[in-house]
Every structure is written in C-alpha cells, then in structure tokens.
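Novice: To start, I am sharing the structure in question, which I have written as structure tokens.
Written out as structure tokens, the structure reads:
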C-alpha cells in the first residue's frame, strides 16, 4: 500500500482503517449496504421531486413552501448522516435518526388538497407530484424495519467492526500519549536539574569567585587533611561543572550523590570560616549556615531525577515506543 504524501492525522488514519474494515466484511454486510444504497437513491429521487414541487407551490400554494423546505432539509440531514463505517452503534444510531426524521417528508397530513386554487389543471398536476412524494415517503418508511432486521441479523459482524475500530482508537490514544512521554520526561528532568542547581546557587557564586581569584585554602595548623583538601577541590570543580553543564547531574545521581554531599560539607565548612585566601589574604565570602545545602532535599530531588532517567531509558527500549516512533517517522 502506497504511503500518503503527508503525515496522516489520527482522523485520517482512523477513516482509512474504517474503510478497510467495511471492505473486508462487505460480503457479510451486503444487505445493510444495499439498504443504505437504496435509501440514498430514494433521497436523490425525493430531492428531484422537491425541485419540481417547490416552484409549483410558490406560484399558487405558498402555504406549503415551509413543509417543502423542511423536507429538503431533512433529506440533506439524512444523506449527510448516512454512515460510511458500519459499526453496530453507528448503524443503530442512523436507523433511529431515520425513523424520527423521515416523518417530516410525509405530505399526506398537509392540507394542500383543501386549498382552493381555482385551477383544476394545476391542482391535478400538483396532486400527481404530491402522490409521488407520498409514495417515496412510504418506501423510505418501509426501509426502517428492513434496516433494523438486517442489522440484527448481522449484529455479530457489526460488533466486530465496532470492537476493532475501538481497539484502534485506544491504540492511537496510547500511541499519542507514548509519543509525548519522552518530551514530558525530558522536561521534568530539566526542571529537576534546575532545582539542584538552585540549591547550589550560593556555592556556585563562591566557586566562581575562587576560580577567578585563583584562591587557595588556608590550612594553618593542618586543620584539613589531604583527603579534606581533595574534597574541597573536588566540590568546587563539581559545582562549576553542574552550573555550566546541568547534564552532569545525571552522572552524579547515578553513582556518587552521597560522596558528593560528604565532600560538599567540607567545602561549606571552609566557606563559613572564610578559609580561602589570595596571597595569604582571606576572602570574605559571606557564606552563612542558612546557605548550606539541604542534604535531604538534594537527595530526594536526585532520586527523582534518577527515576526519570530510568523511565526514559526503559521507554526508549520498549517495543511499543519503538513502534510508535517508527510509525511517526514513516
């Protein structure tokens, strides 16, 4: 089957699938198809009769013009509402609409024959046309029980079509949701990384100041061990990386968040006591205890970020997602 020139919308895809279903089951549905074709033909013939009756009535029986206009509107409504997809509910709804609306096509209750027009030839000609319209109405009315009977005879087939169409609708909705999942998950990931950076904002300002000033740690009296000095340096470099490339958080939350927080505590301790200096001159960093990272919140956000990363990875490897992506690209 040739691919369409443009990407199909859900409605177009569903319509094409509905047509294929009707085509596949056309032999089982032949009676219903014949009923609908007969109705459409009767609508066409009735429209032709109205084309003759309306100008005639306008000449000498204007009182009937509203009835004729209503009849034309009902024919247009029923023609347009004729189902192309023959699911059980679709055919049932149409049969109910048909039963209700064709009553407006019955000319017999109209008082046209009681109106005095003093033109016997005109009245006889008009009567012939009205009789034809009445005969058409009776044929249409007779099709309602026929359609209902054929519908019930093939109810199982009609319900198969309905079920298959509903299955595709559900799949399309699920596919649409699946298509949007990566974008939503990526957006959430980005927001979580922004939250982590916000928690580290005071630290980032200090880290940038230390880098620009080429500051070193004051370690008079050997307050910090070599491991502590390494932790301070590692924290400073990590904070700068996170601000410049928030994607680095993904590696952090996957492997070493606890290690990072332990190193960060040493960095914060040095910042609180202004233990960074330039040429032996301490820097006044203004780092207060209130600016320290809330470790529990940092861990919670990190765990959420890690969960989103796993969700995205799982989704990208799922057969369903790959099928949807392939369909969208195709």
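Residue numbers (this note's numbering): 1 to 330. Glycine included, every Cβ here is placed at the ideal spot set by N, Cα and C. Note that this is a predicted model, so its numbers are computed, not measured.
1) For the beta strand (DSSP E) that contains residue 52, what are its first and last residues?
2) Where do the ends of the alpha helix (DSSP H) carrying residue 279 lie?
3) Would DSSP call residue 293 helix, strand or coil?
4) By the 10 Å Cβ neighbour count, where 16 or more other Cβ atoms means buried, how is residue 331 classified, buried or exposed?
5) So, for residue 253: in the same chain, excluding its five sequence neighbours on each side, which residues have a beta-carbon less than 8 Å away from its beta-carbon?
6) Going by C-alpha to C-alpha distance, which of 265, 275, 105 and 251 sits closest to residue 291?
7) Identify which residue in 163, 159 and 219 has its Cα closest to the Cα of residue 274.
8) What are the residues that DSSP puts in a beta bridge with residue 217?
9) Under 8 Å: do the region 190-206 and the region 235-251 share three or more Cβ pairs, one atom per stretch?
10) Within 10 Å of its beta-carbon, does residue 173 have 16 or more other beta-carbons around it, so buried, or fewer, so exposed?
11) Rounded C-beta distance between residue 108 and residue 134? I'm assuming under 8 Å.
12) Roughly how many whole angstroms lie between the Cα atoms of residue 53 and residue 61?
13) Does the beta-carbon distance from residue 147 to residue 93 come in below 7 Å?
14) As a quick exercise: from 39, 216, 86 and 103, pick the residue whose alpha carbon is nearest that of residue 156.
15) Within 8 Å, do at least three Cβ pairs link the region 123-142 to the region 96-105?
16) Measuring only the C-alpha atoms, how far is residue 221 from residue 268?
17) Which residues in the same chain have their Cβ closer than 7 Å to the Cβ of residue 277, if we skip the five residues on either side of it in sequence?
18) Pull up the distance between the alpha-carbon of residue 43 and that of residue 160, whole angstroms please.
19) With DSSP run on the structure shown, which of helix, strand or coil describes residue 267?
20) Give the straight-line distance between the Cα atoms of residue 294 and residue 207, rounded to the nearest whole angstrom.
21) Taking buried to mean at least 16 other C-beta atoms within 10 Å of its own C-beta, is residue 256 buried or exposed?
22) Nearest by alpha-carbon distance to residue 263: which of 209, 40, 203 and 69 is it?
23) Does the separation of the CB atoms of residue 154 and residue 28 fall below 7 Å?
24) Use the C-beta contact count for residue 91: other C-beta atoms within 10 angstroms, 16 or more gives buried, fewer gives exposed.
25) Ignoring anything shorter than 4 residues or poking outside the region 227-266, list the alpha helix (DSSP H) runs there in chain order.
26) Residue 126 and residue 50 look like a contact to me (Cβ under 8 Å); what is the Cβ gap, rounded to whole Å?
Specialist: So, from the data block:
1) Not the beta strand (DSSP E): residue 52 falls in the alpha helix (DSSP H), residues 30-60.
2) Taken as a continuous stretch (DSSP letters only), residue 279 belongs to no alpha helix (DSSP H), as it is neither H nor E.
3) coil
4) Residue 331 lies beyond the residue range present for the chain, which begins at 1 and ends at 330; the question has no answer from this structure.
5) 302, 303, 305, 306 and 309
6) 265
7) 219
8) 276
9) yes
10) exposed
11) 6 Å
12) 10 Å
13) no
14) 86
15) yes
16) 19 Å
17) 215, 216, 218 and 283
18) 29 Å
19) helix
20) 18 Å
21) exposed
22) 203
23) yes
24) buried
25) 248-255
26) That belief does not hold up - the Cβ atoms of residue 126 and residue 50 are roughly 13 Å apart, past 8 Å.
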